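So the structure is just underneath, and the comments pick up after that.
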Amino acid sequence: GAVVSQHPSRVICKSGTSVKIECRSLDFQATTMFWYRQFPKKSLMLMATSNEGSKATYEQGVEKDKFLINHASLTLSTLTVTSAHPEDSSFYICSARDVTGLAGGELFFGEGSRLTVL
Amino acid sequence: AQKVTQAQTEISVVEKEDVTLDCVYETRDTTYYLFWYKQPPSGELVFLIRRNSFDEQNEISGRYSWNFQKSTSSFNFTITASQVVDSAVYFCALSDVTGTASKLTFGTGTRLQVTL
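See below:
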């Protein structure tokens with residue numbers, strides 16, 4: 286089946302540094318990818334929609350300059366947490382939709398990336 | 277605005293018991309999709325089912341079954357003869373099918389603990 290891979294799965298960084306998380310669709314093309322954030326024992330909150338070849342669409346309350354999203358190809362989207370602070374520590378999950386899939390069809394999720402900012 | 281409510285925060289059952297996880301949703305769309313995902317301790321989200329708003333047939337897949345009731349805006353999930361491996365957080369989600377977007381609105385999840 287379709288696979289979405291995220292890297293790294295875990296990252297620990299110092300406050301003030303930037304961290305990049307990659308999301309790849311391994312066996313299908315994804316014009317649209319979604320980035321979610323999950324706090325401990327909480328639900329997943331959509332952060333932004335990543336569109337191949339164009340700017341990402343951010344949800345209300347998400348800082349664009351803080352969470353930089355680049356969707357440079359049909360199989361790769363990256364999320365960069367700039368100048369990370371401890372409050373950015375969270376579990377980040379991406380998802381991708383097969384371009385041949387139905388609107389609202391099955392979304393494939395990555396394994397998630399746990400960010401810890403010291 | 278879309279909303280998904282999973283009123284059960286945590287459920288604990290003994291192995292082999294049946295358990296039902298509730299999901300109630302709100303949407304103004306006439307066309308929408310409902311999903312269930314499983315999140316084991318490792319963190320990844322495992323797709324379980326997708327149901328579109330025009331298909332109210334109940335579905336059974338092995339020990340899993342789903343009951344979609346449009347009249348009550350509910351999409352409940354039942355695990356029959358639960359097993360320890362079923363222990364996880366289960367999320368119900370609703371999709372937005374506006375344009376080409378298909379982002380999901382998730383419920384807060386139900387943590388299922390199955391013990392021996």
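Keeping their order, the protein sequence lines are chains D and C. Residues are numbered in the working numbering as their position in the first sequence, beginning at 1, plus a constant of 285. Residues are numbered in the working numbering as their position in the second sequence, beginning at 1, plus a constant of 276. Virtual Cβ for every residue (Gly too), placed ideally from N, Cα, C. Here the structure is a predicted model, which means the values were calculated and not measured.
Chain D within 9 Å of residue i, Cβ atoms only
i         : result
C:Leu-297 : no
C:Tyr-313 : yes
C:Glu-332 : no
C:Phe-379 : For the sequence presented, residue 379 of chain C should be read as Lys rather than Phe. Yes, contact with chain D.
C:Ser-337 : no
C:Glu-320 : yes
C:Phe-344 : no
C:Phe-351 : no
C:Arg-387 : yes
C:Thr-384 : yes
Assigned secondary structure, residue i (DSSP; H/G/I helix, E/B strand, else coil)
i         : result
D:Glu-307 : strand
C:Lys-314 : strand
D:Thr-302 : coil
D:Val-366 : strand
C:Glu-291 : coil
D:Thr-342 : strand
C:Thr-348 : helix
C:Lys-279 : strand
C:Val-361 : helix
D:Glu-372 : helix
D:Glu-337 : coil
D:Leu-359 : coil
C:Arg-304 : coil
D:Gln-314 : coil
C:Cys-299 : coil
C:Gln-284 : coil
D:Phe-394 : strand
D:Val-402 : strand
C:Thr-384 : coil
C:Thr-356 : coil
Sub-9 Å separation of residue i and residue j beta-carbons
i         : j         : result
D:Lys-305 : D:Thr-365 : yes
D:Ser-375 : D:Phe-324 : yes
C:Val-295 : C:Leu-370 : no
D:Tyr-377 : D:Arg-295 : no
C:Asn-334 : C:Phe-344 : yes
D:Met-330 : D:His-356 : no
D:Cys-379 : D:Val-289 : yes
C:Val-365 : C:Val-390 : no
C:Asp-372 : C:Gln-278 : yes
C:Ser-288 : C:Leu-392 : no
D:Ala-369 : D:Thr-302 : yes
C:Thr-384 : D:Ser-328 : yes
C:Lys-314 : C:Phe-367 : yes
D:Asp-383 : D:Ser-310 : yes
C:Asp-298 : C:Ser-350 : yes
C:Asn-328 : C:Tyr-340 : no
D:Leu-400 : D:Cys-308 : no
Minimum Cβ-Cβ distance from residue i to chain C less than 9 Å
i         : result
D:Thr-334 : yes
D:Phe-394 : yes
D:Ile-378 : yes
D:Leu-400 : no
D:Leu-353 : no
D:Gly-397 : yes
D:Leu-331 : yes
**OP:** Pull out every residue of the stretch 298–329 of chain D whose Cβ sits closer than 9 Å to any Cβ of chain C, in chain order.
**Re:** Flagged, chain order: Thr-316, Thr-317, Phe-319, Tyr-321, Gln-323, Lys-326, Lys-327, Ser-328 and Leu-329.
Subject >> Runs of beta strand (DSSP E) lying entirely within the stretch 313–343 of chain C, each at least 3 residues, in chain order >> reply: Listed in chain order, they are 322–328 and 335–337.
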